[in-house]
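Numbering (this note's numbering), first residue to last: 430 to 720.
Quick reminder that beta carbons are idealized off the backbone N, C-alpha and C, glycines included.
In this text, all values refer to a predicted model and were calculated from it rather than measured experimentally.
Structure first, then comments.
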């Protein structure tokens, strides 16, 4: 029999999944997202990354706010913190400062991140807190039945914009680049293998890593940010893109019509923990010198 025509048996596939190991990072709670939601790719991508990096369950913490994406801590076997609406980053910062050995992954949707939580992002970025922030942008408030969000497109009809949205949407990538986040990337839920690889790279980076994930809402958006539209629109960053060039990153990010996938910008600089350790050492030396 032609190898490509060989039937796939359920037990064989299950054994293959067990052997890979990343499913062991899933909890016994089943995801509650709608069938076809891009957040399933996110869940697989994060568990794949944790498994690939051999990060023990007890050494990882997933922190979320409120919204569809923020249900994620229930679905993994790591430590989790389901916080208040928009307060993901302050809590994640506290977790990291309390125990720098932990791998901290903060996550949420576009509403949680850029509406009520928008004021926390520039400070997390400029302080270069050593954590990963995954934002799943579907351009809508899905959990509360499809209202317009800060990233909804102009002309998009929702229950709160029945005569079409007239607000200019925020541009998350340009915002994070201007805030000087030390790692900025973009992925797409419709490309799950690339998404898993990007999450892995984001976690590996030492400093504040921001991964913007384009993800359709299959229930409340049938016209704008759909799989069909995004499949046509997305592209990879050029092979010769210089991720150390901030201006080049901004130029690529400005091309809204065809969003690019990949690492836009990355740099190495001291993290908040490094600065805090240095400040503590100086304070101790100053006090000792006074005695």
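Inset, instruction - Check the C-beta distance from residue 681 over to residue 666 and give it rounded, since I have them as a contact under 8 Å. - result: 6 Å
Legend entry - Inter-residue Cα distance where the pair is residue 471 and residue 625: Roughly 8 Å separates the two Cα atoms.
Legend entry - Local conformation of residue 720 per DSSP, three classes: coil
Inset, instruction - Jot down the residue ranges of each uninterrupted alpha helix (DSSP H) in the region 533-598, minimum 4 residues, whole runs only, in chain order. - result: 550-556
Inset, instruction - Compare the C-alpha of residue 644 against each of 606, 505, 539 and name the closest. - result: 539
Inset, instruction - Alpha carbon to alpha carbon, how far is residue 458 from residue 557? Give it in angstroms, no decimals. - result: 33 Å
Inset, instruction - Give the C-beta separation of residue 564 and residue 601 to the nearest angstrom, bearing in mind that I take them to be a contact with Cβ-Cβ under 8 Å. - result: 7 Å
Inset, instruction - Quick one: residues in its chain with C-beta nearer than 7 Å to the C-beta of residue 599, no 5 flanking neighbours on either side, listed in chain order? - result: Counting only Cβ-Cβ distances below 7 Å, and skipping sequence neighbours, we find 543, 579, 580.
Legend entry - Cβ contact check for the region 635-654 and the region 559-575: 3 or more pairs under 8 Å: yes
Legend entry - Continuous alpha helix (DSSP H) stretch holding residue 622: start and end: 621-633
Inset, instruction - Would you identify the three-state DSSP class for residue 531, choosing helix, strand or coil? - result: coil
Inset, instruction - Could you name each continuous beta strand (DSSP E) segment of 3 residues or more that falls completely within the region 471-537, going from the start of the chain to the end? - result: For the region 471-537, whole beta strand (DSSP E) runs of length 3 or above, ordered along the chain, are 489-493, 508-511.
Inset, instruction - Report, in whole angstroms, the separation of the C-beta atoms of residue 628 and residue 475, which I expect to be a contact under 8 Å. - result: Taking 8 Å as the upper bound for CB-CB distance, residue 628 and residue 475 are in contact here, some 6 Å apart.
Inset, instruction - Taking the CB atoms as reference points, tell me whether residue 672 and residue 693 lie closer together than 8 Å. - result: Taking a C-beta distance under 8 Å as the contact criterion, residue 672 and residue 693 qualify as a contact pair.
Legend entry - Length of the line joining the Cα atoms of residue 559 and residue 551: 14 Å
Inset, instruction - Determine the direct distance from the alpha carbon of residue 592 to that of residue 507, and round the result to whole angstroms. - result: 44 Å
Inset, instruction - Using only alpha-carbon positions, find the residue among 531, 652, 609, 687 that is nearest to residue 617. - result: 687
Legend entry - Coil, strand or helix - residue 689 by DSSP: strand
Legend entry - The alpha helix (DSSP H) enclosing residue 721, as first and last residue numbers: This structure cannot speak to residue 721, because the chain is shown only from 430 to 720.
Legend entry - Beta carbon of residue 467 nearer than 8 Å to that of residue 499: Against a cut-off of 8 Å, the Cβ pair of residue 499 and residue 467 comes out as no contact.
Inset, instruction - Just confirm the distance between the C-beta atoms of residue 698 and residue 611, as a whole number of angstroms; I'd bet it's less than 8 Å. - result: 6 Å
Legend entry - Assigned exposure category for residue 594 - 16 Cβ within 10 Å defines buried: buried
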